[in-house]
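Protein chains in written order, with our numbering: chain S, 7 to 397; chain X, 7 to 397. Backbone N, C-alpha and C define an ideal beta-carbon position, used for all residues, glycine too.
Protein chains: 2
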Amino acid sequence: MSEVVYLDYASSSRVDPRVAEAMLPYFKELYGNPSSPHALGTRMKGALEESRAKVAWLINAEKPSEVIFTSGATESTNMLLRGAAFRSREKGNHIVASKIEHISVLNTLKYLSKSGFEVTYLPVDSTGILDLEALKASVTDKTVLVTVGYANNEVGTIQPVKEIAEIVHSKRALFHSDATPAVGKIPVDAQKDGIDIMTISSWDMYGPYGIGAAYVKKGSRMEPLILGGGQEFGMRSGTENVAGAVGMGKASELAKLEMAGDAERIAAIRDKMVSRILSEVPYSFLNGHPTKRLPNNASIRFNYVEGESMVLTLDMEGIIVSSGSACSSKTLEPSHVLIAMGIPHVEAQGSLLMALGRFSKPDDGDRVADVLPRIVKGLRQMSPIAPPEVR
Amino acid sequence: MSEVVYLDYASSSRVDPRVAEAMLPYFKELYGNPSSPHALGTRMKGALEESRAKVAWLINAEKPSEVIFTSGATESTNMLLRGAAFRSREKGNHIVASKIEHISVLNTLKYLSKSGFEVTYLPVDSTGILDLEALKASVTDKTVLVTVGYANNEVGTIQPVKEIAEIVHSKRALFHSDATPAVGKIPVDAQKDGIDIMTISSWDMYGPYGIGAAYVKKGSRMEPLILGGGQEFGMRSGTENVAGAVGMGKASELAKLEMAGDAERIAAIRDKMVSRILSEVPYSFLNGHPTKRLPNNASIRFNYVEGESMVLTLDMEGIIVSSGSACSSKTLEPSHVLIAMGIPHVEAQGSLLMALGRFSKPDDGDRVADVLPRIVKGLRQMSPIAPPEVR
Numbered sequence: 007m008s009e010v011v012y013l014d015y016a017s018s019s020r021v022d023p024r025v026a027e028a029m030l031p032y033f034k035e036l037y038g039n040p041s042s043p044h045a046l047g048t049r050m051k052g053a054l055e056e057s058r059a060k061v062a063w064l065i066n067a068e069k070p071s072e073v074i075f076t077s078g079a080t081e082s083t084n085m086l087l088r089g090a091a092f093r094s095r096e097k098g099n100h101i102v103a104s105k106i107e108h109i110s111v112l113n114t115l116k117y118l119s120k121s122g123f124e125v126t127y128l129p130v131d132s133t134g135i136l137d138l139e140a141l142k143a144s145v146t147d148k149t150v151l152v153t154v155g156y157a158n159n160e161v162g163t164i165q166p167v168k169e170i171a172e173i174v175h176s177k178r179a180l181f182h183s184d185a186t187p188a189v190g191k192i193p194v195d196a197q198k199d200g201i202d203i204m205t206i207s208s209w210d211m212y213g214p215y216g217i218g219a220a221y222v223k224k225g226s227r228m229e230p231l232i233l234g235g236g237q238e239f240g241m242r243s244g245t246e247n248v249a250g251a252v253g254m255g256k257a258s259e260l261a262k263l264e265m266a267g268d269a270e271r272i273a274a275i276r277d278k279m280v281s282r283i284l285s286e287v288p289y290s291f292l293n294g295h296p297t298k299r300l301p302n303n304a305s306i307r308f309n310y311v312e313g314e315s316m317v318l319t320l321d322m323e324g325i326i327v328s329s330g331s332a333c334s335s336k337t338l339e340p341s342h343v344l345i346a347m348g349i350p351h352v353e354a355q356g357s358l359l360m361a362l363g364r365f366s367k368p369d370d371g372d373r374v375a376d377v378l379p380r381i382v383k384g385l386r387q388m389s390p391i392a393p394p395e396v397r
Numbered sequence: 007m008s009e010v011v012y013l014d015y016a017s018s019s020r021v022d023p024r025v026a027e028a029m030l031p032y033f034k035e036l037y038g039n040p041s042s043p044h045a046l047g048t049r050m051k052g053a054l055e056e057s058r059a060k061v062a063w064l065i066n067a068e069k070p071s072e073v074i075f076t077s078g079a080t081e082s083t084n085m086l087l088r089g090a091a092f093r094s095r096e097k098g099n100h101i102v103a104s105k106i107e108h109i110s111v112l113n114t115l116k117y118l119s120k121s122g123f124e125v126t127y128l129p130v131d132s133t134g135i136l137d138l139e140a141l142k143a144s145v146t147d148k149t150v151l152v153t154v155g156y157a158n159n160e161v162g163t164i165q166p167v168k169e170i171a172e173i174v175h176s177k178r179a180l181f182h183s184d185a186t187p188a189v190g191k192i193p194v195d196a197q198k199d200g201i202d203i204m205t206i207s208s209w210d211m212y213g214p215y216g217i218g219a220a221y222v223k224k225g226s227r228m229e230p231l232i233l234g235g236g237q238e239f240g241m242r243s244g245t246e247n248v249a250g251a252v253g254m255g256k257a258s259e260l261a262k263l264e265m266a267g268d269a270e271r272i273a274a275i276r277d278k279m280v281s282r283i284l285s286e287v288p289y290s291f292l293n294g295h296p297t298k299r300l301p302n303n304a305s306i307r308f309n310y311v312e313g314e315s316m317v318l319t320l321d322m323e324g325i326i327v328s329s330g331s332a333c334s335s336k337t338l339e340p341s342h343v344l345i346a347m348g349i350p351h352v353e354a355q356g357s358l359l360m361a362l363g364r365f366s367k368p369d370d371g372d373r374v375a376d377v378l379p380r381i382v383k384g385l386r387q388m389s390p391i392a393p394p395e396v397r
């Protein structure tokens, strides 16, 4: 599989070898419950707290104790949205979200709707940027929570987070941001950005699976989702996954130190790939914002061809891409993100998501650009809806 | 640390080296989202399903799809109790539990009490066995859920699970059992035991941390706790922790194959240790049932001495034990389990929990029995409450 071109970093990533190395002792000789008073326990507690401090450093939290380890981004989002909403019930029952949130946000909001909350979904423009005027108009004194993803995992668009925070705080609501695709890839500064509560993924920054974090700024209204022994400052019970925390801590440290270099290198490969595809494949268009986008994201739609067919054809050539979010790939619905951006259904279904990562090789982009014109042309020749001139 | 005698397997365990070995490729070359349609994704999906089948095999589930991977036992318990209760709300609002449940069960029940459920807590006898007459009397047509741990993690007492299941089912209630300390150590057969929903831990059977499972017998009333992309048959969203699942699968396979041999070897060390301690340390008593107990558990109380002092003194001699559950060790309250068994507060505070495991060495028991008489005597000499004859 060494020749595979992997462009599905939005769905999964290999663990950074340095992260795996850091975790290894915890699968071999190190063990002990961090809550135990004996020497083995206190050593584990030390490793856990050191890792927490590294995550806090990455996002510039004021205190390490504002970082709660969870089992991953989805749990963090469930906990943060539910915890903030139920804890704020006395203030109001209104929640505001963008239409292009991740499915974990959307499905948690559906649950909250059934539990008595009213949710307003805000539009985005054709590049995926939140409509700030609509936000201003929707946030009221009854609004307890506003949730807008830091950057979109499908089209890569980065939101004007600081401006959003100011509007949210003007009505004393809590600002949640799902920063899963952003943390570790672009500078996310919880304090400067004005974020109150935030979802943080581990594997999205080359850390292990099965661990994640929730940032809860001191003083934020919050309650736990998973109850038990009161670990994680009472905010998330369950025996701590120290190996996972150590891995996520190491991944955070590496991201902090290498983010700028990674971003520059990855964006260069991405930019060349995108510009070649757009010029060499007729009727292809970039989704998302031309400049305010994640350095690793390329989302391109091809008229008169289905995304799923391109994914499978490319797979046979050893090129791994996706047609959208793996998290919702079971439904054959077109991406709700692309639809919200005003792209017609039939065009949305012809999208490819190519997400690069730390381990992308310099010629990965060219490998794709070399074969895509032929593949798209072949698929269009079989398409009943393609007009003669594109076949 | 090679000379350490580790008797705190109820709080934490090292990962079995064969489990670590099985996981290693997933930290090195293997990755891909199991929901992705491409080759890397389907390979991961295969590994996930193979692991699920191994967990199902261990507990004799009818179908692998009855096993839901979670982040650990605490999450499983939260999901199962809440999911069963809320999903059964139309039938009734009554829940029955034993008084000696794990703190994750008790705190989830507290939450359910605040959410409109009524919980009846049943007594146990002096050995920790549930009062079956009290169970019969408490379960009514309004009872939706009964939760009784398969075996107690502090005193090791194994419940008459089959008889409990029959009583529960006579009123068409759901039977949940937290089998965290039991699965992998004694034969747990979900079908024969009549369990509807069950909490399963990974690390308690020498698997990795950060993963666990929930058994949900087909047809059981249940709803998910963590919402999102609909992974795990819609019962637990979030990108799957394949490395963790593979580790838990391997741990399940090893447990199935080696359980009988492990139990015999470990119980022999334990029995010799217990009998030496009880005969060589005056005023020492075994907690729990003399025979219906986990093969690795030794819980002993020593009058006129504090458990915490013994833990720290033994720690300095390289012997790691605990004074009770690490999950609730932050509170200085005596164990609710010992109190429910009728042991006076002051005696309960003098308990030591010595839990052996797969990696216990033949002379570990003797190492403890060799030093305990001297240590207990020393501590009693400093005790203001010890009568002259025990000093």
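With a threshold of 7 Å between beta carbons, V21/S makes contact with chain X. S328/S sits close to D14/S, with the two beta carbons spaced by under 7 Å. Under the 10 Å beta carbon count, G218/S is surrounded by 16 or more other beta carbons and is classified as buried.
Taking a cut-off of 8 Å for Cβ pairs, the region 150 to 159 of chain X and the region 81 to 99 of chain X touch, as three or more such pairs fall below it. Going by C-alpha positions, T83/S is about 6 Å away from V111/S. In this chain, the beta strand (DSSP E) harbouring I206/X covers I203 to S207. Contacts with chain S at 7 Å (Cβ-Cβ) include I326/X. The beta carbons of I173/X and L86/X sit no closer together than 7 Å. When CB distances to chain S are screened at a threshold of 8 Å, the residues of the region 79 to 93 of chain X falling below it are A79, T80, E81, T83 and N84, in chain order.
Inclusion of V11/X and D370/X in the CB contact set at 7 Å is warranted, their separation being smaller than that value. Proximity of G363/X to chain S, defined by a Cβ-Cβ separation below 7 Å, is not satisfied.
Per the Cβ contact rule, the region 61 to 77 of chain X is in contact with the region 242 to 257 of chain X (3 or more Cβ pairs under 8 Å).
Runs of the alpha helix (DSSP H) lying entirely within the region 56 to 124 of chain S, each at least 4 residues long, are 79 to 93 and 109 to 120 in chain order. Counting only the Cα atoms, Y215/X lies some 9 Å from G216/S. Only W209, P214, Y215, G216, I217 and L231 from the region 205 to 231 of chain X bring a Cβ to less than 8 Å from some Cβ of chain S.
Membership of Y215/X in any alpha helix (DSSP H) is not indicated, and neither H nor E is assigned to it by DSSP. The secondary-structure analysis by DSSP pairs S258/S with nothing; it has no beta-bridge partner. Within 10 angstroms of the beta-carbon of K191/S lie 16 or more other beta-carbons, which makes it buried. With its beta carbon at least 7 Å from every one in chain X, A346/S lies outside the interface. Contact fails between the region 273 to 291 of chain S and the region 223 to 241 of chain S, because fewer than three Cβ pairs, one in each stretch, are under 8 Å apart.
DSSP places I306/X in the strand class (E or B) of the three-state scheme. Taking the C-beta atoms as reference points, G356/X is found nearer than 7 Å to N309/X. For L292/S, there is no enclosing alpha helix (DSSP H); the enclosing beta strand (DSSP E) covers residues S290 to L292. The beta-carbon of H182/S is placed no less than 7 Å from the nearest beta-carbon of chain X. For the region 151 to 176 of chain X, the set of residues with a beta-carbon nearer than 8 Å to any beta-carbon of chain S is empty. Residue pairing of D184/X in beta bridges, as defined by DSSP: T205/X.
Judged by DSSP in its simplified three-state form, A16/S adopts coil rather than helix or strand. None of the residues of the region 354 to 380 of chain X has a beta carbon lying less than 8 Å from any beta carbon of chain S. Taking 8 Å as the Cβ-Cβ cut-off, the region 242 to 275 of chain S approaches chain X at S243, G244, T245, E246, N247, V248, A249 and G250, given in chain order.
Listed in chain order, the non-local C-beta contacts of A346/X below 6 Å within the same chain comprise K105, I106 and V130, local neighbours out to five positions each way being set aside. Below the 8 Å Cβ cutoff, chain S contributes no neighbours of Y127/X, its closest Cβ being approximately 17 Å away.
For I109/X, the closest Cβ of chain S is nearer than 7 Å. Setting aside the 5 residues that flank it on each side, A67/S is surrounded in the same chain by V73, A196 and Y221, each with a C-beta closer than 7 Å to its C-beta; the list follows chain order.
The Cβ atoms of V145/X and Y156/X do not sit closer than 7 Å to each other. With fewer than 16 other CB atoms across the displayed protein chains lying within 10 angstroms of its CB, S119/X is exposed. CA-to-CA, the gap between R276/S and R271/X works out to about 59 Å.
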